[in-house]
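Remarks on the structure that follows.
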Amino acid sequence: MSRRTIAVVAGGLHQPSSTRLLADRLAEATAVSLRERGIDTDVQVVELREHAHDLTNMLLTGFASADVKRAIDTVVQADGVIAVTPIFSGSYSGLFKNFFDVLEPGSLAAMPVLIGATAGTARHTLALEHAVRPLFSYLHAVVVPTSVFGATEDFGATSSAQVPDDVPPLAARVERAAGELADLVAARSSHRAVDPFANPTSFADLLAGR
Amino acid sequence: MQFGVFTVGDLTTDPVSGRTPTENERIKAMTTIALHAEEVGLDVFATGEHHNPPFVPSSPTTMLGWIAAKTTTLQLSTSTTLITTNDPVKIAEDYVMLQHLADGRLDLILGRGNTGPVYPWFGKDIRQGVNLAIENYALLRRLWDEEVVDWSGTFRTPLQSFTATPRPLDGVAPFVWHGSIRTPEIAEQAAYYGDGFFHNNIFWPIEHTQQMVALYRRRYEHYGHGSADQAIVGLGGQVFMRASSQDAKREFRPYFDNAPVYGHGPTMEEFTAQTPLTVGSPQEVIDRYAAMRDHVGDYQRQLFLMDHAGLPLKTVLEQLDILGGEVVPVLRKEMAIGRPAHVPDAPTHASLVAAAGGSQDATVDAAPDDVTGASPEPESARVPR
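Listed in order, the protein sequences are those of chains A and B. Count along the first sequence starting at 1, add 100, and that's the number in my numbering. Count along the second sequence starting at 1, add 47, and that's the number in my numbering.
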């Protein structure tokens, strides 16, 4: 059985956190979907709350602390990413954006990504489409069509009838999105980033402007 | 092994006194620091080049020319000379003029500069930064190494039958270091030419410095200039010292907490753990810097940043006394222990002249000019040195 690594980026600020709860459900469902495709999954979670100070320091100093470097490596070296943020003021949280701001340009290019968000009411749902999806498009990631929004009320609803607007219950949306991510991750050969220190551009190419 | 100081030339408010020096005070402080560096037995003084407030040193060769006239042994350098936004023709001329006035006590550290607007202010594009560094240096090299240059490139108007004057002292161009904090292409450039590589690691963890220097050394050997451990490496450093560690920390903390770059970010304890900044007793500084070669190999030049963050001149001069009096003499001994004989020292004018097989005057004669009608000295009248 082959193996893939899924990195989970959870931007919740509280312990326990409904953002982390949704992130864990998405990760479990993705692992189940990958297993159906004959693939074992390593799930590695990055809780941004633990890195809040170091991320601010990195914005100011330009270099990553050892812990932040590990978190960044976990995400950019994964085969797929699940990114979940609380919605604040109509968009992703500042901490969530902070993490993606310090990644090297290009490091998420072609990365399969599943986006999720949480908030107190379902009125914030489209923030996923208006704010979070464009962020990952800018980073040249491949974002699966289904994004998953978990409003507080979703955690109590078990059927469409109990949810406004006839949307499927959270469990069904989680499963569909996880299946889409699993398809992309399974189709992608195991991912390895290029190391510019191991393979520098030769000076002949530099001199020729290549 | 060379030890010295390098300065950014920032005009920063002293967070303890609340006072901001004038530009004139800061410029005079920089030259005072340079002269004192020689007095306390340091080898090198290097000045930054900047073209925006709050920095004062926009004209490094003017400052270094003044210092050259007032010193006798101090090696003059730059940290860095902007190879991207300066015209390479003017760099060739200015720095060889300075080389003559300083009797050869000059080298350059080239850098790209990371202040975005400086590029458009000088008619350049920061997105072409690496390409500018590559092309401009290729031209600079030719202007020094060849008497008559025909050249055309992407970034500058072409040259036909151009001779940069004055010609390099004794026919040997100043030694060049290439400085880069995080760009592998610049380490590659330094390796290709067999020039020095200066990693200004003052704001970076040693693992990163190690990676950059290792790349440069490997490629230096690849291009046939010698073995990897013979490549010419320089590092930055940053220290604050008092006889007791506690006094050093107490005195430096307000400067750390409010410093440009890292102030209001990590704690001093976090930053000293993650970067070469060392705040403590002279012995702590010795221990930290004597161990640098464990990470990057035996190296040739260690420069310290001593005068930033608004530290008053009096304090900086005291720091130089400690550095030159207590720290560097011990580091010289420590660094010499176990250093293989085939590892070279940093090139100097004397060593470059010797390597070239002796001095050769490179003066270019030309026909009498229309303005004065003066005829140059006949070739036969010149006595070889």
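For glycine and all other residues, C-beta sits at the position ideal for the given N, C-alpha and C.
Nearest to S43/A (by Cα), restricted to the options T410/B, Q207/B, M353/B and W251/B: Outside the modelled stretch of chain A, which goes from 101 to 310, sits residue 43/A, for which no answer is possible.
Element boundaries [beta strand (DSSP E), containing H225/B]: F222 to G226
Buried/exposed call for T118/B, threshold 16 Cβ in 10 Å: buried
Span of the alpha helix (DSSP H) around S292/B: S292 to N305
Local conformation of H269/B per DSSP, three classes: helix
Straight-line gap, F245/B to W224/B (C-alpha atoms, nearest Å): 6 Å
Alpha-carbon spacing of G205/B relative to E193/B, whole angstroms: A small fix is needed here, since residue 205/B is Pro in this sequence, not Gly. Taking the straight line joining both Cα atoms gives about 16 Å.
For R104/A, the residue or residues it bridges with in DSSP: T141/A
Span of the alpha helix (DSSP H) around D124/A: S118 to E136
C-alpha gap between L155/B and G344/B, whole angstroms: 22 Å
Opposing strand residues paired with V332/B [DSSP bridges]: DSSP lists no partner for V332/B.
Interface residues of the stretch 232–254 of chain B facing chain A [CB-CB below 8 Å]: E232, A234, E235, Q236, A238, Y239, F250, W251 and P252
Assigned exposure category for A383/B - 16 Cβ within 10 Å defines buried: exposed
Cβ separation of T174/A and V146/A, assumed to be a contact under 8 Å, to the nearest whole Å: 6 Å
Residue interval of the alpha helix (DSSP H) (run including A402/B): H396 to A402
Assigned exposure category for K137/B - 16 Cβ within 10 Å defines buried: exposed
Coil, strand or helix - G162/A by DSSP: coil
Start and end residues, alpha helix (DSSP H) containing I114/B: P107 to K117
Residues of the stretch 167–191 of chain B with Cβ closer than 9 Å to any Cβ of chain A, in chain order: V177, N178, I181, E182 and A185
Beta bridge counterpart(s) of Q122/B as assigned by DSSP: V91/B
Three-state class that DSSP yields for V244/A in the structure shown: coil
Whole-angstrom C-beta distance between M211/A and A241/A, which should lie under 8 Å: 5 Å
Meets three-Cβ-pair contact criterion under 8 Å: the stretch 317–326 of chain B and the stretch 371–382 of chain B: no
Neighbour list for Y309/B in chain A, Cβ cutoff strictly below 7 Å: L160 and T161
Start-to-end residues for the beta strand (DSSP E) that takes in V213/A: P212 to A219
Expected contact under 8 Å - CB spacing of T127/B and L157/B to nearest Å: 6 Å
Where G158/B sits in the DSSP three-state scheme: strand
Identity of the residues DSSP links to N177/A by a beta bridge: With the sequence shown as reference, residue 177/A is identified as Gln, and Asn is not the correct amino acid for it. According to DSSP, Q177/A bridges with nothing at all.
Cβ pair A180/B, T131/B closer than 9 Å: yes
E229/A classed as buried or exposed, judged by whether at least 16 other C-beta atoms fall within 10 angstroms: exposed
CB contact check: E317/B to chain A, cutoff 9 Å: yes
Range of the contiguous alpha helix (DSSP H) that encloses V82/B: According to the sequence provided, residue 82/B is Leu. The question's Val does not apply to it. Unbroken alpha helix (DSSP H) run through L82/B: E70 to E86.
Pick from R135/A, H153/A and V176/A that is closest to D295/A, judged by C-alpha positions: V176/A
Spatial distance of M77/B from L208/A (CA atoms): 45 Å
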